[in-house]
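Each position in the sequence shown, counted from 1, maps to that position plus 123 in my numbering. Quick reminder that beta carbons are idealized off the backbone N, C-alpha and C, glycines included. The next block holds one structure in the form of structure tokens; read it before the comments.
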Amino acid sequence: MKAVIVCTSVSHGNTKRIADVMGEVLEARVVEPEQIDAAELAAYDLVGFGSGIYTQNIHPRLRRFAESLPEGRYRKAFVFTTSGLPEPPFRPHTRSLARLLERKGFDVNDTFQCRGYDTWLPFKLVGGIRKGRPDATDLQAARAFAEGLRARTLA
Ligand SMILES: Cc1cc2nc3c(=O)[nH]c(=O)nc-3n(C[C@H](O)[C@H](O)[C@H](O)COP(=O)(O)O)c2cc1C
């Protein structure tokens, strides 16, 4: 199985820590959007897209990268995010990117979300929220998620 993870993690490296655990399980490189050629992605069995959430959205660099992908015949993709607050049920953080990737031709069935240390205003004033997250339990959940993905992709 050939897998790669494209990740933007600009605030505290929270999402990168999740990406690294998933990358270990999937034997996948973790790259920034600028480090991979969009045309390469069709050659992968599985592509992960991960980002922190910034004012309710994934990072614009990851979104621009996804938008720049040519429509084509891709295989599976998954989307994961970290955020200070739980995602609003009426507007899941992963949804718009998952939909965009589906329009591009990916099969997107799996998403993963967890809390991350958050110093966004106004939380900065109180020293931030979700200190220590992602923690060992979050990283274990990311590992289990990736193991499930690996099993289903190889099946
Ligand atoms: C400018 C900024 C805006 C943010 N906006 C949100 C938000 O709208 N909702 C939320 O739950 N967390 C928000 N956060 C918290 C981040 O999503 C959280 O810290 C995340 O884990 C950052 O990931 P990273 O360290 O990989 O960049 C924001 C953080 C920053 C710095």
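Give the straight-line distance between the Cα atoms of His216 and Ile181, rounded to the nearest whole angstrom. 7 Å
Out of Glu150, Val144 and Val170, which has the shortest C-alpha to C-alpha gap to Leu220? Val170
CA-to-CA distance, Gly250 to Gln273, given in whole angstroms: Just to set this straight, residue 273 is Arg in the shown sequence, not Gln. Cα to Cα, the separation comes out at about 38 Å.
Contact set for Phe268: own chain, Cβ-Cβ below 6 Å, skip 5 residues either direction: Phe235
If you measure between the beta carbons of Gly239 and Arg253, is that distance less than 9 Å? yes
Can you give the Cα-Cα distance for Phe172 and Asp143, rounded to whole angstroms? 12 Å
What separation, rounded to the nearest whole angstrom, lies between the Cα atoms of Gly175 and Ala278? 30 Å
Anticipated Cβ contact below 8 Å, Lys199 with Phe229, distance rounded: 7 Å
Let me know if Ala166 comes out buried or exposed under the rule of 16 or more other beta-carbons within 10 Å of its beta-carbon. exposed
Looking at Pro156: is its Cβ nearer than 9 Å to the Cβ of Phe203? no
Say yes only if the C-beta of Ser132 is nearer than 8 Å to one or more non-hydrogen atoms of ligand 1, and no if none qualify. yes
Uninterrupted beta strand (DSSP E) stretches inside the region 137-188 (no shorter than 3 residues): 152-154 and 169-177
Report whether the distance from the Cβ of Arg186 to the nearest heavy atom of ligand 1 is below 8 Å. no
Continuous alpha helix (DSSP H) stretch holding Ala267: start and end: Ala259 to Leu277
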